[in-house]
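Heads up: the sequence shown begins at 1 in the numbering used here, then just goes up one per residue.
Every residue, glycine too, gets a C-beta built ideally from N, C-alpha and C.
Remember, predicted model here, so these are calculated numbers, not experimental data.
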Amino acid sequence: MAGVTLVVSTARRRDSRPGPNPLRALDLQMRLSRLAAEVRRIDGDRTMLARAHHLRVALEAYDALLSEACTLADGAACEVAPLGTATRDTIRLDRELLLSVRGWSW
């Protein structure tokens, strides 16, 4: 009887946890959208001084937001190949695909 009570109380506790904040997810999607547009703008502007530096910084910010979004969507979604075996582009693509499968768009 004690085991049943423990299972029921654990289930209640699990159900009483608040879900993810939808406004946080929307904010992340909007920030990802702005950064993606910035990356495209920098990539297309062949006259920009220090273009490679600007592009690297924008991509690092985009990757950080992707990681945060993966964590918010599903912690397991961030489990990608270690950096030694995959390129940053591959990891970025994996995270974008995992988020889009979970209904994210930006």
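Alpha helix (DSSP H) segment containing residue i, residue limits
| i | result |
| --- | --- |
| S67 | R51 to A73 |
| T85 | Careful: T85 lies outside any alpha helix (DSSP H) and carries neither H nor E. |
| G44 | P22 to G44 |
Integer-rounded CB distance, given that residue j should sit under 8 Å from residue i
| i | j | result |
| --- | --- | --- |
| L99 | A73 | 6 Å |
| R92 | L66 | 6 Å |
| G43 | L35 | The sequence as given places Asp at residue 43; Gly does not occur at that position. Between L35 and D43 the Cβ distance is about 12 Å, and since that is not below 8 Å, they are no contact. |
| V39 | A58 | 5 Å |
| L28 | E68 | 6 Å |
| W106 | L49 | Incorrect: roughly 28 Å between the Cβ atoms, too far for contact. |
| R88 | C70 | 15 Å between Cβ atoms; not a contact. |
Residue i: CB within 7 Å of a non-hydrogen atom of the ligand SAH
| i | result |
| --- | --- |
| A86 | As presented, the structure is devoid of all ligands, the ligand SAH included, so that no description of it is given. |
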